[in-house]
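In the working numbering, the protein residues as written are 25 to 380.
Have a look at the structure below before the remarks.
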C-alpha cells in the first residue's frame, strides 16, 4: 500500500451503468465449481446497477468469472455481462458431465451436494494423483476447460478494452513467487495457469516459465488494487471458510481443511497488511496523500457454503451450480441492503476479527 499513492492513480469510470453512484474494486477467490457462488454475487451487483466496477482481481474460478464479466460488458453492458456469465457456467456444466464429477444415485436421493462416496471418476483421479503425475496419466495434456474459455472469450477484445483493470494471479513454479497478469496481456493460457492444480494438470508454460494455480500465493491477489486502482473500496468475494469449529479427524476432512488453510493463507496475510497500514494512517504515522486507507468489505457463503464437502468443488451438475448461484445472489442482496451506504465512507469487514 506504499509506493504509488492511490490518489495519484488515474481514475477511470470502470464498468458503470447509468444508475451507478459509487465505484468499487472486486477481489474474487477461486474454488472450482463453488465459483458459481461468485457468479450469483456478480449477477446481483450487475442487476442492481448502483456500483461501478473499476478493477477486478481473481484467481482460478475467480479469474474466469472476472474475464467473462469484463468481456461480456464490452458488447452488452451489464446485461451482456450477466448473460455471458450464465453462458459460461452452462458450458462448464456441459463439460463437467464428462469429468466423472457427478453425484452417485445415493447422493442424489439423499440430497447430498458433496459426495458421500467418492464417484468413480474422482476416485480414479485421487488414487492416481498419489502415485502418478498428470504428465503420466494425461501425457497429451488434454483440458476441455481450455476449449470452453478459448471458444467463449474474445481475448483480443479483453486485451484492448481499458475501461476496467484486470489482474489474474498464478504461481511461478520455478521461483515460487506470485505472477500477476494484467488485462492487456491476457490469453486463454493465462487464465488456465491461474487454475492449474499441479496434481491434476500439467503446468501451463507462458514465455518460457511454468505456472501453477494462483491460489497458492494469491487467492486472489489484493495488492494490485492498492497500487493500481483509484477507489479505496475493495469487495472480497470469499469462497473458502477461514474458521472451522469442528476438529477434522477423518482423512478426507483433514485434507479438506489443509486445502482451506493453504488457499486462505495469502488472503489473511494481505488482510493483515491492510489492517496494519490502516492503523498507521489513522494514527497519523503515515501521510494520507501517500498511503491508501483501504475500505475493506467481504461477501462469503456463510454456513451453507462452508458445509459443502471439498469434492463438491468438482460437481458440475447444472442444478448444483444454480443452487450455488442462488446462494450467491441471496448473500449479495443481504450485503447490499446492510452495507451499501457505508461504501466510500468506511470498511464493513472487521479486519481485526477476520485476521484473528
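Cβ atoms here follow ideal geometry from the backbone N, Cα and C, with glycine treated the same way.
What you are looking at is a predicted structure, and each value in this text was computed from that prediction instead of being measured.
Integer-rounded CB distance, given that residue j should sit under 8 Å from residue i
i           : j           : result
residue 387 : residue 181 : The structure shown does not extend to residue 387, since the chain spans only 25 to 380, so no value can be given for it.
residue 85  : residue 339 : Wrong, their Cβ atoms sit about 13 Å apart, outside the cutoff.
residue 81  : residue 248 : 6 Å
residue 205 : residue 194 : 7 Å
residue 66  : residue 39  : Not really, about 11 Å apart at Cβ, beyond 8 Å.
residue 295 : residue 366 : With 8 Å as the limit, residue 295 and residue 366 do not qualify as a contact, their Cβ atoms being about 18 Å apart.
residue 237 : residue 368 : At roughly 33 Å, the Cβ-Cβ gap does not stay under 8 Å, so residue 237 and residue 368 are not in contact.
Straight-line gap, residue i to residue j (C-alpha atoms, nearest Å)
i           : j           : result
residue 358 : residue 259 : 14 Å
residue 197 : residue 327 : 34 Å
residue 20  : residue 268 : An answer regarding residue 20 cannot be provided, because it is not within the stretch 25 to 380 covered by the chain.
residue 345 : residue 305 : 42 Å
residue 199 : residue 241 : 12 Å
residue 303 : residue 317 : 9 Å
residue 225 : residue 337 : 16 Å
residue 228 : residue 166 : 12 Å
residue 213 : residue 251 : 25 Å
Reduced DSSP category for residue i - H, G, I as helix; E, B as strand; rest coil
i           : result
residue 49  : strand
residue 230 : strand
residue 173 : helix
residue 364 : helix
residue 223 : coil
residue 321 : strand
residue 41  : coil
residue 129 : Note that residue 129 scores 36 on pLDDT, short of 50, meaning its location in the model is unreliable and no value can be drawn from it.
residue 166 : coil
residue 340 : coil
residue 329 : helix
Environment of residue i [buried if 16+ CB atoms lie within 10 Å]
i           : result
residue 262 : buried
residue 309 : exposed
residue 300 : exposed
residue 217 : buried
residue 159 : exposed
residue 274 : exposed
residue 331 : exposed
Closer than 7 Å to chain C by CB, residue i
i           : result
residue 159 : Absent from the structure: chain C. Only one protein chain is present.
- prompt: Which ranges would you report for the alpha helix (DSSP H) in the region 243-314 if only whole runs of at least 4 residues count?
  reply: 247-252 and 275-306
query: What alpha helix (DSSP H) runs, 4 residues minimum, are completely inside the region 179-210?
result: 179-184
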